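Structure first, then comments.
Residue numbers (the numbering used here): 217 to 316.
So this is what it looks like as structure tokens:
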């Protein structure tokens, strides 16, 4: 399913790197930039993540909350992605959120 701007996303809950979980309902009422990435060691995806890090202040100033999702196991995402990223990162190894 492809979402278009200003279209509500389907409900989801996912495991965050660094611990805990995040549900879409936790961000209710906030404009969200959802970024879907392939596996955690994808070199192109990781370049894009670094671009998001560089532009984080600009994105946040526009009022967006960024959430990145990888279809890799949590341990792989934690190993490949820094835990100090300025946005939340969810592991979705079974692609349940991707499929929603």
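We put the CB at the ideal spot given by N, CA and C, even for glycine.
Values in this document were obtained by computation on a predicted structure and should not be read as measured data.
Just checking my contact of residue i with residue j at CB under 8 Å: how many whole Å lie between their CB atoms?
i	j	result
residue 228	residue 253	Incorrect: roughly 15 Å between the Cβ atoms, too far for contact.
residue 395	residue 284	Absent from the structure is residue 395, since the part of the chain shown begins at 217 and ends at 316.
residue 232	residue 306	6 Å
According to DSSP, which residues form a beta bridge with residue i?
i	result
residue 239	229
residue 305	284
Decide if residue i is buried, meaning its Cβ has at least 16 other Cβ atoms within 10 Å, or exposed.
i	result
residue 308	buried
residue 288	buried
residue 290	buried
residue 312	exposed
residue 315	exposed
residue 282	buried
residue 297	buried
residue 294	buried
residue 235	exposed
residue 245	exposed
Considering only heavy atoms of the ligand ZN, does any lie closer than 6 Å to the CB of residue i?
i	result
residue 255	Absence of the ligand ZN from the depicted structure is noted, as is the absence of any ligand whatsoever, leaving it without description.
In chain order, each beta strand (DSSP E) run of at least 3 residues that lies wholly inside the segment 244-280: 248-253
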